[in-house]
Structure formats: structure tokens, C-alpha cells
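This note's numbering numbers the first residue of the sequence shown as 5 and each following residue consecutively.
Structure, as C-alpha cells:
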Amino acid sequence: MPFRKPEQIREADKGFEGSEILLVEDSRAYTVALRKRLETDYGMKVTSCATLELLASALEENPDRFTLSLIDLNLPGTPSGEALDLVSAKNVPAILFTSNASDLRRKQVLTKQFADYVLKDGQKGIERLIEATVRILSNRSAHILIVDDSALMRDMLSEQLLSQLYRVTSVASSRQALEVLDENTEFDLALINHLMPEMNGLALVEQIRSRTELDDMRIIGVSTLEDKSLAARFLRAGANDFLIQPLVIEELRGRVAQNIEISSQIGKLRELAARDYLTGIYNRRHFFENGPRRVALSRKQGRGQALAIVDIDHFKLINDTYGHEVGDVVLKAVACQLRKYCGHSHLLSRMGGEEFGILISDCSFADARRFCEFVRYAIEFLLIKTDDGDVKVTVSIGLAEIADKESFDNYLNAADQFLYMAKSAGRNRVFSETDLAVRAVA
């Protein structure tokens, strides 16, 4: 397999850049092959240790810099998994690898906590180890909710999942779970025990599936009941999988990984469908689907919001003068500038044509106004390079405060009216209710 140059790292692999891997391996050939793949293909940084002494020294200096460790169980002088003990003591998650499957069945290994294991098998073994490394590091973006009234079970599940770098939230009742989901709908998976007081797991699943904003969250039901129909009832209620206690750790890990992978693939498809084909920012449909949810959540949390409509001034003239190709370049440049300032804090979308929508979150109306002025100013002085020369544009912005409990469409209509007034007043300006009040006084 040809190695890629650092600049050839795929967009999908950039999430691993900067991750520092601690490789514990005495074989120089294996170390060189792994290091080259991880650093060249994924932008990771690899620190290698060929002995237990070197490992102890690396961990003593700054153990927090290591995201993950890869440990050879056949390292000389470590018959009882001493290398794993050292990294575990410093809270560095570990993937084990060995050429002998019996090593993984040793009591000294089975009683320890590790993220995964891989069998060494020449080049195939290297590929499997890289796949395991990528999978475990990818787990950092997955958030799992554990719902179980047993503190012992919550702790056991949390320990297992945290060792695989998942983000974990655990609660002791269905009521607490619903409260958590009221505040945060960004969970990828829920593990729900059936036998709980007040509201059992089956009823909780039904409650969750009645909420459209939680449609993408996967659910695994869990129970000790030897009722063969219970699994079917969970699945009919909307669960995606079912486990019977006592849990087999290997099965638990496999089912969780499988459901997280499905959730990830569904998320990627939804993300593709939600993006504008030209600019890469969110599209109108996504704005209308997610805007009302964000408004409702922010209102519940008492956080200020505003809605802005941004329109490129005289865009038709740009198309008529330079052609649609230059018009597309302008649209992409303006979208890029808007995305730069909106970041992940505000919901940005292309509404259609030369019009963009911004749901400005978690700020006062005065701050929202300042934000819009800042954006307007930045675009005014943006030099857009095209094949036909440099182009400059301005934007007009209509800004509506989200205060009273009205429909999302009403806020959008208000922002649109203010946009019309901004254009009527001469363009290249922000217009809101504040400006109406000033005009009335004048």
C-alpha cells in the first residue's frame, strides 16, 4: 500500500491530527511500520517505547499528553501485563496486541481494563491495529446515556465505556433521563434498564420515541427478566437492540460499537442532506427543521436570541456584469466569511439565492446587533478574488429579536421586513426594531 504525504491526509482523517499515541513495542520493524502509517495517513504523533523502563520514563514526564496507548503483551520482562498496569495507573486508555491469543486469556490480563485487543498477524495485524486505533479515537465524539437504578451497574457500564473513550452520562431513573434529554438531545445511544421504579424502561423508550428531536438516538434495552417477549416489546416500542443480564462484556462492547457506527453513518447521511451544494453551509430545510428546536430550548433556558437575514446587495448586477461563475465565487466567499464568524455558536444557512439566515444564540439583543454590524463590516472590506479580477460586495441585514412566544415563521417574517427597510434606507446596513424607534423619535 503506498504511503501518503502529510498534505495528502484526507479530510475525514483530520480529526485525529495532534492525537499522541504511546506505542509499547520491542520490534523495530513493527514500530517503524505502525509509526509511518499513523503519522503519515492520520497526522497522529507517535512516541515509542521498546522497554518497560522507557515506558515508565515517558509516563513520568507528562502522561496527560497521550490520548491512547498501543501495548504489545509480549514485551520482554512483562509476564503479568506490567506495561498495561503502568499506563492504567496514569489513566491512559490501552489497546493490547499480541501474536498469541492465549496471552489475552491470562488471568493477569482479563482482570485489567483495556479498550480493545488485536492479534498480530503480519501486515493484516498492522491494518487491524490501525483500524482499532481509529475506531477508539472516533469514540470521543459519541455520547452515551446510561439509565439504570443500580449504582453498581451504572458504575460498571460507565467504566467499560469510558475505557473506550466514549463520553458517558449516567442517571438513576427514567425521570432523570427525560430531564437530561430536555437539556441535551445530542446523545448517540441510550442504554436503558427495564426494571426501574416509577417508570420502567419500556415506558421510557415509548416516551423518547414520541419526541422527533430524538429520532436519531439509538436505544439498547437491558433486563434480567427471562421473558422472551420483552425484547420484542422493546423493539416494537422503538429500541434498536436488546441485551439480557448478566452482561457478557465482549457482547456489550460489540453491540454498543455496532449501534454507534450505525448512528454515525445515519448522521453523515443527514449531514450531507442538510448542506447547501454550492457553499457547504446548512440549507433552508435544515434551518427550518432545527431553528424552532433551538429557539424552544434557548427560551426554556432563559437565553437571549435573535434572527438575522443577510442579503448580498446588487447581486443580480454581479451576475449580469461578470457572469454566474463569478456570482458563485462571490456566494462561496460570503458564506465562508459568515461561517468564520458564526462558528458553532450560531445556526447559519443559505436560504436561497443570495440570502442567508442566522439564528444568533445565547446573547442579548444589543450583542446580536453588534455581531451583525461586525459581520457587515467584515464583508464590506472583503476582497474576493475571481478569474475576472477582484470583486467587492456589501450586505444588508434585517435583525429581529426573539422575545415573545411566537412562531419561528413570525420571527423570520419580521427579520425579512427589517431587511427590506435596510435596503430601502440605502443598503449596506443593519436594520432592526431599534432603528424604527429612532426614526419615530426623529
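We put the CB at the ideal spot given by N, CA and C, even for glycine.
Just so we're clear, the structure is a prediction, and the values are computed from it rather than from any experiment.
Discussion item. Tell me the DSSP secondary structure of G225 in three-state form.
Written reply: Position 221 of the sequence shown, counted from the first residue, corresponds to residue 225. If DSSP states are grouped into helix, strand and coil, G225 belongs with the strands.
Discussion item. Measuring straight from C-alpha to C-alpha, what distance separates R380 and F422?
Written reply: On the sequence shown, position 376 is the one that residue 380 refers to. On the sequence shown, position 418 is the one that residue 422 refers to. Those two C-alpha atoms are separated by around 15 Å.
Discussion item. So, for M200: in the same chain, excluding its five sequence neighbours on each side, which residues have a beta-carbon less than 7 Å away from its beta-carbon?
Written reply: As a position in the sequence shown, residue 200 is number 196, starting the count at 1. Answer for M200: D153, S177, S178, listed in chain order.
Worksheet item: Ordered along the chain, which non-local residues of its own chain (more than five positions away) have a Cβ less than 8 Å from that of E21?
Response: Along the sequence shown, one-based indexing puts residue 21 at 17. Only I13, Y46, G47, M48 meet the Cβ criterion.
Worksheet item: Expressed to the nearest angstrom, what Euclidean distance is found between the alpha-carbon atoms of A236 and Q269?
Response: To locate residue 236, count along the sequence shown from 1; it is residue 232. To locate residue 269, count along the sequence shown from 1; it is residue 265. In a straight line, the C-alpha of A236 is about 25 Å away from that of Q269.
Worksheet item: Starting from M451 and walking both ways along the alpha helix (DSSP H), at which residues does that stretch end?
Response: Shown here, the chain extends from 5 to 446; a query on residue 451 therefore has no answer.
Practice prompt. In the DSSP assignment, find the beta strand (DSSP E) that holds C309 and state where it starts and stops.
Written response: Your numbering for residue 309 matches position 305 in the sequence shown. For clarity, residue 309 is Gln in the given sequence; the question names Cys instead. Q309 -> beta strand (DSSP E) spans 309 to 316.
Fill in: Beta bridge counterpart(s) of Q127 as assigned by DSSP
Position 123 of the sequence shown, counting from 1, holds the residue named residue 127. Q127 pairs with D125.
Worksheet item: Among C376, S142, L56, which has the Cα closest to the Cα of L363?
Response: Working through the sequence shown from its first residue, we reach residue 363 at position 359. Taking only the C-alpha atoms, the option nearest L363 is C376.
Practice prompt. Measure from the alpha carbon of I148 to the alpha carbon of each residue in V172, Q164, L161, then state which is nearest.
Written response: Sequence index remark: in the sequence shown, residue 148 carries index 144 (1-based). If we check each option's Cα against that of I148, V172 comes out closest.
Worksheet item: alpha helix (DSSP H) containing S302: first to last residue?
Response: Locating residue 302 in the sequence shown gives position 298, counting from the first residue. Per DSSP, S302 belongs to the alpha helix (DSSP H) from 288 to 304.
Practice prompt. Give the straight-line distance between the Cα atoms of E210 and C53, rounded to the nearest whole angstrom.
Written response: As a first step, residue 210 is located in the sequence shown; it is residue number 206 there, counting from the start. As a first step, residue 53 is located in the sequence shown; it is residue number 49 there, counting from the start. Cα to Cα, E210 sits roughly 51 Å from C53.
Discussion item. Using 7 Å as the threshold, is the C-beta distance between V91 and S103 below it?
Written reply: Here residue 91 is taken as the residue at index 87 of the sequence shown, counted from 1. Here residue 103 is taken as the residue at index 99 of the sequence shown, counted from 1. Cβ distance not < 7 Å, so V91 and S103 don't count as in contact.
Worksheet entry | Closest Cα partner of G430 within the set K409, A404, V399, N417 | To locate residue 430, count along the sequence shown from 1; it is residue 426. Of K409, A404, V399, N417, the residue nearest in Cα terms is V399.
Fill in: Own chain residues within Cβ distance below 7 Å of A295, not counting five before or after
For this step, residue 295 is matched to residue 291 along the sequence shown. It should be noted that the sequence gives Gly, not Ala, for residue 295. Once the five neighbours on either side are set aside, the close Cβ partners of G295 are L351, L363, F412.
Worksheet item: When the distance is taken between beta carbons, is P97 closer than 7 Å to L447?
Response: The first residue shown for the chain is 5 and the last is 446, placing residue 447 beyond what the model contains.
Practice prompt. Reducing DSSP to helix, strand and coil, say where S59 ends up.
Written response: The residue you call residue 59 lines up with position 55 of the sequence shown. Here the sequence assigns Leu to residue 59, which means Ser is not the residue at that position. Note: L59 maps to helix in three-state DSSP.
Worksheet item: Between R144, D245, L256, which lies nearest to M160 when the distance is taken from Cα to Cα?
Response: Numbered from its first residue, the sequence shown carries residue 160 at position 156. Ranking the options by Cα distance to M160, first place goes to L256.
Practice prompt. Within 10 angstroms of the Cβ of K124, are there 16 or more other Cβ atoms? Answer buried if so, exposed if not.
Written response: Here residue 124 is taken as the residue at index 120 of the sequence shown, counted from 1. Buried.
Worksheet item: If you drop the 5 nearest sequence neighbours on each side, which residues of the same chain put their C-beta closer than 7 Å to that of E86?
Response: Stepping through the sequence shown from its first residue, residue 86 is reached at position 82. Excluding positions up to five away in sequence, the list reads L56.
Discussion item. Considering only their Cβ atoms, is the gap separating V334 from V260 smaller than 7 Å?
Written reply: Sequence index remark: in the sequence shown, residue 260 carries index 256 (1-based). Sequence index remark: in the sequence shown, residue 334 carries index 330 (1-based). Contact flag unset, no.
Worksheet item: Whose C-alpha, out of E202, M203, V184, is nearest the C-alpha of A194?
Response: Numbered from its first residue, the sequence shown carries residue 194 at position 190. Put simply, of E202, M203, V184 the residue whose alpha carbon is nearest the alpha carbon of A194 is V184.
Item to complete: Would you kindly report the start and end of the unbroken alpha helix (DSSP H) that includes M425?
Response: By one-based count along the sequence shown, residue 425 stands at place 421. Taken as a continuous stretch (DSSP letters only), the alpha helix (DSSP H) holding M425 covers 412 to 428.
Worksheet item: So who's on the other strand from S52, going by DSSP bridges?
Response: Locating residue 52 in the sequence shown gives position 48, where the first residue counts as 1. Its beta-bridge partners are L27.
Discussion item. Assuming N263 is part of the alpha helix (DSSP H), what are its boundary residues?
Written reply: Here residue 263 corresponds to residue number 259 of the sequence shown, with the count starting at 1. Note, N263: alpha helix (DSSP H), 253 to 278.
Worksheet item: For the putative contact between I223 and I212, defined by C-beta atoms under 8 Å, what is the C-beta separation to the nearest angstrom?
Response: For the purposes of this step, residue 223 is taken as the residue at position 219 of the sequence shown. For the purposes of this step, residue 212 is taken as the residue at position 208 of the sequence shown. Their Cβ separation, rounded to whole angstroms, is 7 Å, which keeps I223 and I212 in contact under 8 Å.
Discussion item. Quick check on I383: buried or exposed, where buried means 16 or more other Cβ atoms within 10 Å of its Cβ?
Written reply: By one-based count along the sequence shown, residue 383 stands at place 379. Around the beta carbon of I383, 16 or more other beta carbons sit within 10 angstroms, so the residue counts as buried.
Item to complete: Please go through the segment 167 to 233 and give each complete alpha helix (DSSP H) segment of 4 or more residues, from N-terminal end onward.
Response: 178 to 187, 205 to 213
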